[in-house]
Each structure stands twice: as structure tokens, then as C-alpha cells.
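Peer 1: Have a look at this one.
Protein chains: 2
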Amino acid sequence: MTLDKKQHSIGFIGLGIMGNSMARHILSADWPIHVYNRTKAKADDLVGRGAVWMDTPGEVASQSDVIITMLGYPHDVEEVYLGPGGLVERARDGAYLIDMTTSSPSLAQKIADAASARGLRALDAPVSGGDVGARQAKLAIMMGGGEEDFKTVLPLMELMGTNIRHLGGPGAGQHTKMANQVVIASTLVGVCEGLSYAKKVGLDPKQVLETIGTGAAGSFQLNVLGPRMLDGAFDPGFYAHHLMKDMDIALTESGEIGFDLPGMKMVRGMFENFKNEFGTDFGTQALFKLYDR
Amino acid sequence: MTLDKKQHSIGFIGLGIMGNSMARHILSADWPIHVYNRTKAKADDLVGRGAVWMDTPGEVASQSDVIITMLGYPHDVEEVYLGPGGLVERARDGAYLIDMTTSSPSLAQKIADAASARGLRALDAPVSGGDVGARQAKLAIMMGGGEEDFKTVLPLMELMGTNIRHLGGPGAGQHTKMANQVVIASTLVGVCEGLSYAKKVGLDPKQVLETIGTGAAGSFQLNVLGPRMLDGAFDPGFYAHHLMKDMDIALTESGEIGFDLPGMKMVRGMFENFKNEFGTDFGTQALFKLYDR
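As C-alpha cells, this is what we get:
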């Protein structure tokens, strides 16, 4: 099937920094769009541009053929999708439900099962690229769910991202995002340790970073977050508490199949120490503070 | 001072895969060059092109104004430089001694002190870029030692590398290389864990790699070594036992200043397990074997 902005309507739930930019791209492409957010004020700008405010997620669902969610934690996702008056209960027959939150693969499977039982089409579609990627419509989007459903919603996804892939059935998008976060966790520690070592032994760490950033030690984490570490620029970017959530999901999922991730487990412990000392309202690069003292 | 191929002669000691390519670039630029290697046969090709074989490192030193070494382990470096009949004993007055082995920063300092006491000029200049970088004369070269001495030998270094930096006094080059290896160690674990997670949960890991390699999880380790892991291509590249040596040096150096590198310490332990099970005649990417079973 083909989505058509004359016949079909979009719902968007979750208008934080990421969701706001993403919904704006859909609106700018002239799709009719109904929106909901826990904090209503964050929808003001979108409503001023023509989005229609709804008072509950269920009401958004009742008006929409495609419902996109960009929420915080898996328990938010579970409530919005599976709770009483939630999306699976209220969605129109045959509607597409696309969760772009980074959330649990098992929950994505559970939602897909519930959706399927009601004749709905669920896709999991977490993203990477952060606030900048969202603003520039250059997100990577990792999708799990039915192949045909993926193809149907692809034109909508292309309004928000550039590297959009279908990785498998329900949960495959979330699993791919978890693989991404698992890689990031230990890479981040390598960057913290290398740069703090450089400082401790008396080198100019910025010069070290420029020297090693182009070779085998090079990474997004080193080349983008390394300079922020050295400048003491610890604002998010990507929140420490979000990475902690993601690591918890990955540890749960890997634990369920009896697979050990000792590196990431250590990183999770480091962030626990970090949280106890500094709180978590920082970007992930602030982990450097544990070393740089 | 300016080095001049009509007046000055180069010595090159250590003609393994890396050293061979590096010496060839110097020879190709028409410098007179004397060479030595523990296994003589590895010098045959260079001698055929005009390099002059010497029977000991000390004899190379006695013929050279600039002596370059590319050896294996710190104990090799110590013996060749500081042992009886070694470079510091036999070098011409005012000669430049450039150790390009990845070795201990403390030893670099010790060599610089001994060299200085004899009126010699020592530089530490480890490289990154591997056999390919050496072959293509595109090494990154990280130099420690006197600023003036660095400037004098820079034209020679430019025959072998492209990103050549002076990072500080004696040992600063080695410390920078250690920072590089510290970053690599944990990054490698992140890549192993992310890709093995992807396989374990039933995703197509190659597709996952393509998806996540361009974003915040991206790194040289992921994008270059990740495909080799998934193809079971475990040949070196960069030998596991060399990384183990480097991690040992970094742990010794950081231990001496009471600085903890818990991530790298864990990686060192993993490689110990790896070695016990598989040996170490593999590239570092073979660490994946510990996860992929």
C-alpha cells in the first residue's frame, strides 16, 4: 500500500528535543498531523505551524493512520502502547504503529504481537544521530517489523533520516540499536582512558588527540566527544542516563540468552559511580570526570 | 643543522615488515644507508638495491650520522642502544638516534640521558599505520626529544610518514603511542561485543555493521577490523602479542604514577585468556573469537 497525504493522517507522540524536530519535518512535508506530549508547552511551536493538539495518546491514535512515538523509557513505551486507552486499544484498524524510542527488543516483540492480534502493523525504529541528526533530517533509522510495512512507511521515514534500514522482524531495530550502544560504551571508555593517560603523563592532550584521531584509534567518540572532554564541555549531546538505560536493556537482553558482555558491564558500573558522584544530567562524555582528577 | 645526503649517512636497524618498507623509502630517496637485522636474509632485497650490510648494530652506528631503529620489544631496544658495543657506545659524535619501535617511555628517557651524556641526540618516534602505512609512506609518526633535533630529522621522517608531530621531550612520542593503544584496547572490545551481540540475537551482523558504522559507534576498529571479524579473517594486521606488549608498557607507566586504567586492564586480561586458548599469532581482531562461540 502507498501512504497518501490526501487520505492518511499522521500521529506523533513525544515531542522532546528529538521528537520535535522529527515531527516538524513531517509537518513541513504537508502531512496532516495530530500530536501529543506529556508537557503540552513543548507542542506549542508545532501547533502554531498547523499540527493539531490531542489531549491523550489514545485520541491521537483515533485520528491517525500512522502513529509515531518518540518517548523516554521502556515503561513509557509500554504504558502508551499497551496501557488502558493506549495506542493498541485505540488505533484505527490497519494502522501503522512506529516506535522510534530506543527501547527494549522484547517489548517491541510484545507490542508487535498485541498489535498483530488487533490487525495493526507495528514497527520498531530507533534512531541514531542525536539532536543534530534529527534537526537536519539525517538520522540513521534501524527498523524491525514486516518487510511490506517497512516499505510502506519508508517515504515517511525518509523525511527524518538518510540511512534507513530494515534489519529483520519485530525487535530487530531495537537489537541493532543495542549493538550500536554496546560498541559505544567501551569505545567511550577507551577515549576517556587514552586522553586522561595523555594528560597524566604530561602531554598536551589536544595535540595527542589530533595526532591519534586519524589512525587506528580514531572514532566518532574520540574525534567528536574527545575535544568536549578536554574543553570540560559536558552538556548533552547524548545524556548519560539515556546510555545507562540502553546498557540496562542490552544487559537484560544478553542475560536472557546467557551471553556475557563484560566490557559493557564494567562501563555500566562506571556510570553508576559517576551518577552517585555527579548525577546524570550530563552528556556521556562527562565520564571523563571519573578519570581526570 | 641540515642533513645532506652528500655528507651524511643513514643507518637502519630492524628490517621486519615495517622496517623493510621504511628503509626502502630512504634508499629510494638516494640516501647512503647501512643496515643490520637479526635475520640477515630479510636485508637481501635492500642490499640488492644498494644498502650496505653491516654485521652488528655497533658497526652500523660507526658508519652513520642518523641511526634509525625499528625493533620488537623494549628489551631489544635496551640491548641495541645501551648494551656493550651498542649504539650509544659506538655512535659518531653528534649522531642522531631515532627509535621508531613502540617501546617504553621510561626507556626512551633513559636512552636520551645516556645519549646526551655522550653528546648524541636521541629521539623516540613510534609510528602508527601498520604495514600498509609503512609501504605507502603514510605513517603517523609521534616524536619525543629536542625540538631542534626534531626539525633536523623531519625531512627524513617525511620519507616515511605524513602525519609527523613533535609532542614534547624524550619519551613524549612513546607516551603518545601509548595513549593511542589505550584508546584502541577498549574500542576493540566494544566492537567485539557489539558485533557478537548482533550475531547472538539473530541479526545479520554485516548489515548491522553497515548500519552503525557511519554514526556514533563508528571507528577505525569497527569499520576496518569489524568486517575481518565477521569474515573470520584473523591474520595480522597488527599482532595480538604486540598489543599485549603495548598494554603492559602502558600499565607499567600508569602504575608508576598511580593512575588506574580499569578498562585497559580488563582488555589485557581478555588477551591473556585469548593467548592461553588460541596463542597470539593472530591480528588483534581475533579477540572476537572469545565472544563468537
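If you read the sequences in order, they're chains A and B. The first sequence runs 1 to 293 under my numbering. The second sequence runs 1 to 293 under my numbering. Quick reminder that beta carbons are idealized off the backbone N, C-alpha and C, glycines included. What you are looking at is a predicted structure, and each value in this text was computed from that prediction instead of being measured.
1. Let me know if Ile257 (chain A) comes out buried or exposed under the rule of 16 or more other beta-carbons within 10 Å of its beta-carbon.
2. Contact defined as beta carbons within less than 8 Å: I believe Ala125 (chain A) pairs with Asp99 (chain A). What is the distance between those atoms, to the nearest angstrom?
3. Is there a Cβ of chain B sitting closer than 7 Å to that of Ser219 (chain A), yes or no?
4. So what's Ala217 (chain B) in DSSP terms, helix, strand or just coil?
5. Output, in chain order, the set of chain B residues within a Cβ distance shorter than 9 Å of His175 (chain A).
6. Can you name the residues of chain B whose CB is closer than 8 Å to the CB of Val132 (chain A)?
7. Give the secondary structure of His8 (chain A) by DSSP, where H, G and I count as helix, E and B as strand, and everything else as coil.
8. So, with DSSP's three-state summary, where would you put Arg135 (chain B)?
9. Applying the criterion that 16 or more other CB atoms from any shown protein chain within 10 Å of the CB defines a buried residue, is Gly171 (chain A) buried or exposed?
10. Under 7 Å, do Val88 (chain A) and Ala112 (chain A) count as touching if we go by C-beta distance?
11. Quick one: Cα of Phe259 (chain B) to Cα of Lys110 (chain A), how far?
12. Since I believe Ala108 (chain A) is in contact with Gly144 (chain A) (beta carbons under 8 Å), could you give me their beta-carbon distance rounded to a whole number of angstroms?
13. For Leu123 (chain B), write down the residues that DSSP places opposite it in a beta bridge.
14. Taking contact to mean at least 3 C-beta pairs separated by less than 8 Å, is the region 25 to 39 of chain A in contact with the region 156 to 167 of chain A?
15. Anything in the region 180 to 191 of chain B with a Cβ closer than 7 Å to a Cβ of chain A? List those residues in chain order, please.
16. Against chain A, with Cβ distances strictly below 7 Å, would Thr101 (chain B) count as a contact?
17. Closer than 8 Å by beta-carbon distance: list the chain B residues that pair up with Ser128 (chain A), in chain order.
18. Is the Cβ of Ala61 (chain A) closer than 7 Å to any Cβ of chain B?
19. Pick out whichever of A:Gly255, A:Asp65, A:Phe288 has its Cα sitting closest to the Cα of Phe234 (chain A).
20. Could you please give the first and the last residue of the uninterrupted alpha helix (DSSP H) stretch that includes Asn273 (chain B)?
21. So, helix, strand or coil for Asn37 (chain A), using DSSP?
22. List the residues that DSSP assigns as beta-bridge partners of Tyr239 (chain A).
23. If we cut at 7 Å on Cβ distances, does Leu139 (chain B) have a partner in chain A?
24. I'd like to know if Gly194 (chain A) contacts chain B, where contact means its C-beta is closer than 7 Å to some C-beta of that chain.
25. Check whether the region 260 to 275 of chain B and the region 198 to 218 of chain B are in contact - that is, three or more C-beta pairs closer than 8 Å.
26. Output yes if chain B places a C-beta closer than 7 Å to the C-beta of Arg165 (chain A); else output no.
27. Quick one: what's got a C-beta closer than 7 Å to Lys245 (chain A)'s C-beta in the same chain, skipping five residues either side?
28. Reducing DSSP to helix, strand and coil, say where Gly144 (chain A) ends up.
29. Considering Gly58 (chain A), what are the terminal residues of the alpha helix (DSSP H) in which it resides?
30. Pick out whichever of A:Thr101, A:Lys5, A:Ser64 has its Cα sitting closest to the Cα of Leu15 (chain A).
31. Against chain A, does Phe259 (chain B) count as a neighbour if the rule is that its beta carbon must be under 7 Å from one of theirs?
32. Shorter than 7 Å from the beta carbon of Gly263 (chain B) to some beta carbon of chain A?
33. What separation, rounded to the nearest whole angstrom, lies between the Cα atoms of Met229 (chain A) and Ala185 (chain A)?
34. Can you check which of these residues, B:Ser103, B:Gly218, B:Phe220, is closest to Leu123 (chain B) by C-alpha distance?
35. In chain order, what residues of the same chain lie with their CB nearer than 6 Å to the CB of Ile164 (chain B), ignoring the 5 residues before and after it?
36. From Met1 (chain B) to Thr152 (chain B), what distance separates their C-alpha atoms?
Peer 2: To lay it out plainly:
1. exposed
2. 7 Å
3. yes
4. coil
5. Among the residues of chain B, those whose CB is under 9 Å from the CB of His175 (chain A) are Tyr197, Ala198, Val201, Gly202, Leu203, Val208, following chain order.
6. Near Val132 (chain A) there are no residues of chain B at all, since even the closest Cβ is about 11 Å away, more than 8 Å.
7. coil
8. helix
9. Gly171 (chain A) is buried by the Cβ-count criterion.
10. The Cβ-Cβ distance between Val88 (chain A) and Ala112 (chain A) does not fall below 7 Å.
11. 46 Å
12. 6 Å
13. B:Ile98
14. yes
15. Asn180, Val182, Val183, Ile184, Ala185, Ser186, Thr187, Val189, Gly190, Val191
16. With 7 Å as the cut-off, Thr101 (chain B) does not count as an interface residue toward chain A.
17. Ile212, Gly215, Ala216, Ala217
18. no
19. Relative to the Cα of Phe234 (chain A), the nearest Cα in the group A:Gly255, A:Asp65, A:Phe288 belongs to A:Phe288.
20. 262 to 278
21. coil
22. A:Gly283
23. no
24. Using a CB distance cut-off of 7 Å, Gly194 (chain A) counts as an interface residue toward chain B.
25. no
26. yes
27. Within its own chain, the residues whose Cβ lies closer than 7 Å to the Cβ of Lys245 (chain A), once the five positions on either side in sequence are excluded, are Tyr73, listed in chain order.
28. strand
29. 57 to 62
30. Per the Cα distances, A:Thr101.
31. Interface residue, yes.
32. Closer than 7 Å: yes.
33. Approximately 15 Å, taken between the alpha carbons.
34. B:Ser103
35. Ile141, Met157
36. 6 Å
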